[in-house]
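Scroll down for the structure; my scribbles are underneath it.
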Amino acid sequence: MIEILEEPIGNTYKQLISLAFNICDEFILVKRDQIDLSKSSETLIEELKPYIKEIKKQDEWPGTRLFGHFADVYYFDCQQELKELLINKADRLYQWMQPELLEDLCFFKSEEEWLITISHENLGVIKTTDRNEILRIREIEGIMIY
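According to the working numbering, the sequence shown is numbered sequentially starting from 249.
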């Protein structure tokens with residue numbers, strides 16, 4: 249498991265998202281019921297609609313467990329159009345937070361957690377033991393990992 253020590257911003261964020269799309273096959277974004285949406289997050293949901301694979305009402309997802317609340321967890325396949333959308337909608341990894349965007353961008357590889365973000369905590373973790381993946385992560389300019 250690799251902990252991201254500093255938030256990936258700018259080109260580092262773009263390279264990390266590109267790598268996640270290269271390695272993973274699915275990602276999620278979360279809309280929490282108890283937090284209002286801004287105009288920009290409503291627009292984002294409209295842009296994402298054609299790509300939504302599934303929406304589940306959940307009280308937990310990687311890194312987060314709610315007590316007495318639920319959220320809509322949006323599931324997507326990793327597609328080139330969505331990579332561009334994620335790169336263009338945010339300039340940093342922990343920017344994925346309501347009300348401006350959806351929350352807690354997480355990626356999955358073969359149904360296993362790969363990149364977990366907990367935006368409110370400014371926390372990101374990559375779960376891999378694959379040597380090639382670790383080398384590719386370390387090649388990202390500006391990535392600070394432990």
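Note that CB positions come from ideal geometry on N, CA and C, so glycine has one too.
One thing to note: N259 has its Cβ within 8 Å of the Cβ of G390. No Cβ-Cβ contact shorter than 8 Å links I303 with V278. Annotation for L363: the continuous beta strand (DSSP E) segment containing it runs 360 to 366. By the Cβ test, the stretch 281 to 290 is not in contact with the stretch 321 to 331, since fewer than three Cβ pairs between them sit closer than 8 Å.
Check the Cα spacing between H368 and each of E251, I335, D352: the tightest is with D352. Between I252 and K331, the gap from beta carbon to beta carbon reaches 8 Å or more.
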